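Quick note: the sequence shown uses numbering that gives the first Met the number 0, first residue 0, plus one each step.
Okay, so here's the structure we're looking at.
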Amino acid sequence: MHRKMWILFTGLCGLVMAAAIATPARAQEVKPKPPMYAYVAQWQVPRDKWPDLEKSSSALMSVLEKATADGTLVGYGRDESLVHSADGATHDNWWMANSMAGLVKVLEQVRVNAGNTSSAMSVATKHWDNIFVSRYYNWKPGQYKGAYIQISLFKLKPNAPRDALDQLCQHLIVPLLEKLVADGTIFEYEVDTEAIHSDDPGTFALVYITQTPEGLDKVQAAIRDSGKAHPLSGEAFDSATEDKGHRDYLMKGDGAYK
0 MHRKMWILFT GLCGLVMAAA IATPARAQEV KPKPPMYAYV AQWQVPRDKW
50 PDLEKSSSAL MSVLEKATAD GTLVGYGRDE SLVHSADGAT HDNWWMANSM
100 AGLVKVLEQV RVNAGNTSSA MSVATKHWDN IFVSRYYNWK PGQYKGAYIQ
150 ISLFKLKPNA PRDALDQLCQ HLIVPLLEKL VADGTIFEYE VDTEAIHSDD
200 PGTFALVYIT QTPEGLDKVQ AAIRDSGKAH PLSGEAFDSA TEDKGHRDYL
250 MKGDGAYK
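The structure is reproduced here in structure tokens:
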């Protein structure tokens with residue numbers, strides 16, 4: 000998703016926040032949810048080795064499916080990058096839990112089943128892991144195959160208010176994404192920050208999943224429409240984030256949410 004679209008989208012928060020100050024008792028107030036943790040293993044694999052990675056990934060998915068069935072996890076999946084960069088990941092595997100303990104227990108299960116990761120490591124030229132946490136998220140339960148995952152990374156400025164991300168989420172990002180979940184355009188979204196910091200503090204990711212290519216256009220159209228309705232939007236997001244911290248990723252993958 001283009002940065003300009005998110006600027007139009009999130010810049011509305013300045014107007015919404017002003018209304019919130021004038022109206023202390025607001026209806027349908029968005030509040031942060033209990034933390035949701037995600038473990039993401041990312042791989043850079045030469046194209047001729049993709050079939051080998053597919054085999055190891057299928058074995059891993061079986062482990063994750065069982066962990067979801069017994070309640071340890073709430074979601075899992077695997078993705079393939081559609082827009083490649085010289086040094087970026089080509090594939091990833093991920094799983095989500097209500098606690099760090101659940102996340103790590105499954106990681107230990109994966110390590111016990113060493114075959115799930117050893118073959119992947121043997122074909123990967125690069126590998127790295129991240130653990131994220133989200134307080135703003137929603138999904139529709141069920142499995143999906145061949146869905147599109149849009150990820151937009153941003154970085155808050157050092158002088159941004161401590162609650163800048165909360166304000167952006169509560170007053171603007173979440174209300175729009177909730178509408179898109181309700182009308183079926185997307186079936187999952189989350190706003191992630193790192194739980195274990197391996198990147199610059201202040202980095203956050205906006206993620207959503209849609210089943211069809213048309214869904215990507217519908218999300219962007221919804222953002223554009225919001226911007227047109229508020230011509231002065233953009234200032235709030237610009238004042239809180241750095242241009243150099245923005246990156247976009249487009250993935251395609253399979254997974255499930257409980």
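Ideal Cβ positions, reconstructed from N, Cα and C, are used throughout, including at glycine.
For clarity, every value in this text was computed on a predicted model and none was experimentally measured.
Practice prompt. Please list, in chain order, all residues of the same chain as V105 whose beta carbon is under 8 Å from its beta carbon, the five residues on each side excluded.
Written response: Around V105: Y38, V62, L63, A66, T71, L72, W94, A96.
Item to complete: Answer yes or no: does any C-beta atom of chain B fall closer than 8 Å to that of W93?
Response: Chain labels in this structure do not include chain B; a single protein chain is all it has.
Discussion item. Looking at Y295: is its Cβ nearer than 8 Å to the Cβ of A194?
Written reply: What is shown of the chain runs 0 to 257, which leaves residue 295 out entirely.
Fill in: Close-in-space but distant-in-sequence residues of the same chain around A221 (CB under 7 Å, 5 per side omitted)
Excluding sequence positions up to five before and after A221, its CB lies within less than 7 Å of the CB of L175, L179, all in the same chain and listed in chain order.
Item to complete: Return the bridge partner residues of V190 from the DSSP annotation.
Response: For V190, which the question treats as bridged, DSSP gives the partners Y135, L205.
Worksheet item: Measuring CA to CA, which of R77, A68, P31, P33 is closest to E53?
Response: For E53, the closest of R77, A68, P31, P33 by C-alpha to C-alpha distance is R77.
Worksheet entry | Which of helix, strand or coil DSSP assigns to E107 | Taken through DSSP and simplified to helix, strand or coil, E107 comes out as helix.
Discussion item. By alpha-carbon positions, which one of K243, G141, I148 ends up nearest to D199?
Written reply: In terms of Cα proximity to D199, the closest of K243, G141, I148 is K243.
Worksheet entry | Inter-residue Cα distance where the pair is P140 and F186 | Spanning the two alpha carbons is a distance of roughly 8 Å.
Worksheet entry | Reference T258; option with closest CA among G183, L155, G214 | This structure cannot settle anything about residue 258, because the visible part of the chain is limited to 0 through 257.
Item to complete: Rounded to whole angstroms, what's the CA-CA distance from M212 to D247? Just pull it up for me.
Response: The displayed chain sequence assigns Pro, not Met, to residue 212. Going by the C-alpha atoms only, they are around 16 Å apart.
Fill in: Same chain, Cβ closer than 6 Å to A204, five either side skipped, listed in chain order
Exclusion of the five residues before and after A204 leaves I150, L152, D191 as the residues of its chain whose Cβ lies within less than 6 Å of its Cβ.
Discussion item. Can you tell me whether V82 is helix, strand or coil according to DSSP?
Written reply: In this structure, V82 counts as coil in the three-state DSSP scheme.
Fill in: Contact set for E79: own chain, Cβ-Cβ below 6 Å, skip 5 residues either direction
Only H90, K251 meet the Cβ criterion.
Worksheet item: What are the start and end residues of the beta strand (DSSP E) that includes L152?
Response: Note, L152: beta strand (DSSP E), 141 to 154.
Practice prompt. May I ask which residues mark the beginning and end of the beta strand (DSSP E) holding V62?
Written response: Counting along the chain, V62 falls outside any beta strand (DSSP E), though it belongs to the alpha helix (DSSP H) covering 49 to 68.
Discussion item. What does the alpha-carbon distance come out to for the pair V111 and L171?
Written reply: The straight-line gap separating the alpha-carbon atoms of V111 and L171 is approximately 43 Å.
Practice prompt. Using a threshold of 8 Å, state whether the C-beta atoms of T184 and G145 are closer than that.
Written response: No, they are not a contact pair.
Item to complete: With DSSP as the reference, label K217 as helix, strand or coil.
Response: Looking at K217 - three-state DSSP - the assignment turns out to be helix.
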